[in-house]
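Numbering (this note's numbering), first residue to last: 20 to 336. We put the beta carbon where it would ideally sit given N, CA and C, even for glycine. Predicted model, so just to flag it, every value in this text is computed and none were measured.
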Amino acid sequence: MQNNNILKLLSIKYPIIQGGMVWVSGSRLAAAVSNAGGLGIIGAGSMKPELLLQHIKKAQDLTTKPIGINIPLLYEKSDEQIKIAIDNGIKIFFTSAGNPKLYTNLIHDHGGKVIHVISTPEQAIKCENIGVDAVVAEGFEAGGHNGRDEITSMVLVPLVRMAVKIPLIAAGGIATGAGLAAALSLGADAIQMGTRFLMTQESSAHQNFKNLILDQKNDFTRLLMKSHIPVRLLKNKFSDEIYKLEQTTNGEELKNSIKTHLATGRAKNGMLNGDIIEGELEAGQISSLITDLPTCQELMTQIISEYNQVIKNLHIF
């Protein structure tokens, strides 16, 4: 992996990047991932600017390694979040849910890198054309906010690889060393994992949420809210309510009903506070493969070991 483009771009040891998840990926998780040789990311989507500043400073106290910030561009505070991150020495910006062109030159002018999350090869081409440094191709299997086209990672990653020359990070449905090997073989330079890092000791996800994922089977998630912003959720009372709304209403009535449900702080109540009945619980399809809660260091060691074993056992017919 010595010549891996992502390792050079981000100055990390392993091509393994933690997803910037709302309510889950704060300073403790980001620093632990970076200390273990990957790239840790602070998920700014659930943070007011002053809280983001606290997490940046705490993460910098916990690691001397590079850390990144994930900023969903649909939020009204994204301008302020980016300024705070730049002013405090952050050089790696993962952006999503918006147009990275608004900030790419600004971040580059301050010596930073921009990596944008995409769900189609067409989006990847646009990113390359405006000077984005790398893209995250996130497949339909991923938890949280998702692409409307429902392209799986096995299809999306090679399509994006054929479409652009910039470094490519694969995301969605990856939690193991075998997944890392598969992603690299499809043309990715690295992987990004959300749910797998959610299920570590350092993540701020509530223990109720973690325990629920440990108990999941293979039919536990559904993609909902496509009329608003598509998101993959664990099945519970809240997601059942959203599903029923989508079956019985449409148009503006549906959008307004979804906004009303989300406005009550469902994501924070579910993922951070542990309300697994009424809360919004974002997680990927890969949850059914997760059976433990390791530290980030243990997880990184496990993934690299499994990757090396998988590569060793591959046979050419």
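What residue range does the alpha helix (DSSP H) around L29 cover?
Where L29 is concerned, the enclosing alpha helix (DSSP H) stretches over N24 to L29.
Which whole-angstrom value is the C-beta distance of G158 and G192, which I expect to be below 8 angstroms?
6 angstroms
I'd like to know whether the C-beta atoms of I31 and L58 end up nearer to each other than 9 angstroms.
yes
Just to confirm the assignment: which complete alpha helix (DSSP H) runs, minimum length 4, are found wholly within the region 206-246?
214-217 and 226-233
Does DSSP put E157 in a helix, in a strand, or in coil?
strand
For G198 and I185, which I take to be in contact (beta-carbon distance under 8 angstroms), what is that distance rounded to the nearest angstrom?
About 22 angstroms; that fails the 8 angstroms criterion.
Anticipated Cβ contact below 8 angstroms, R285 with E299, distance rounded
4 angstroms
Excluding five sequence neighbours on each side, which residues of the same chain lie with their C-beta closer than 8 angstroms to the C-beta of V183?
P140, A143, I144, C146, E147 and V154
My assumption, with CB atoms under 8 angstroms, is that I258 sits in contact with R241. Please give the rounded CB distance.
The sequence given here places Ser at residue 258; Ile does not occur at that position. Confirmed, Cβ separation roughly 6 angstroms.
When you compare only the Cα positions, how much space is there between A50 and K84?
8 angstroms
Report back the beta-carbon spacing between G162 and G117 to the nearest angstrom; my notes put them in contact at under 8 angstroms.
Between G117 and G162 the Cβ distance is about 20 angstroms, and since that is not below 8 angstroms, they are no contact.
Which residue wins for smallest C-alpha separation from S204, given the options I111, Q220 and V176?
V176
Whose C-alpha, out of V136, R180 and A194, is nearest the C-alpha of G166?
V136
So what does DSSP say about E169, is it helix, strand or coil?
coil
Residues bridged to A189 [DSSP beta-bridge criterion]:
Residue pairing from DSSP places A189 in a beta bridge opposite A156 and I210.
For E299, which three-state DSSP category applies?
coil
Which word fits Q37, buried or exposed, when buried means at least 16 other C-beta atoms lie within 10 angstroms of its C-beta?
buried
Pull up the DSSP beta-bridge partners for T114, would you.
Beta-bridge pairing by DSSP links T114 to I90 and H135.
Own chain, CB closer than 6 angstroms to Q100, minus 5 neighbours either side, in chain order:
Counting only Cβ-Cβ distances below 6 angstroms, and skipping sequence neighbours, we find A63, P68, L71 and I90.
Check this for me: beta carbons of W365 and K274, under 9 angstroms apart or not?
Outside the shown range of the chain, which is 20 to 336, sits residue 365, and nothing can be said about it.
Can you name, in chain order, every residue of its own chain whose Cβ lies under 6 angstroms from the Cβ of Q316, other than the five neighbours on each side?
These residues qualify, in order along the chain: A55.
So, is F113 buried or exposed, given that buried needs 16 or more other C-beta atoms within 10 angstroms?
buried
Going straight from the alpha carbon of I75 to that of I86, what length do you get?
9 angstroms
Less than 9 angstroms between the C-beta atoms of L233 and I309, yes or no?
With a cutoff of 9 angstroms on beta-carbon distance, L233 and I309 are scored as near each other.
Take N227 and list the residues in its own chain whose beta-carbon comes closer than 7 angstroms to its own, dropping the five residues that flank it on each side.
G293 and I295
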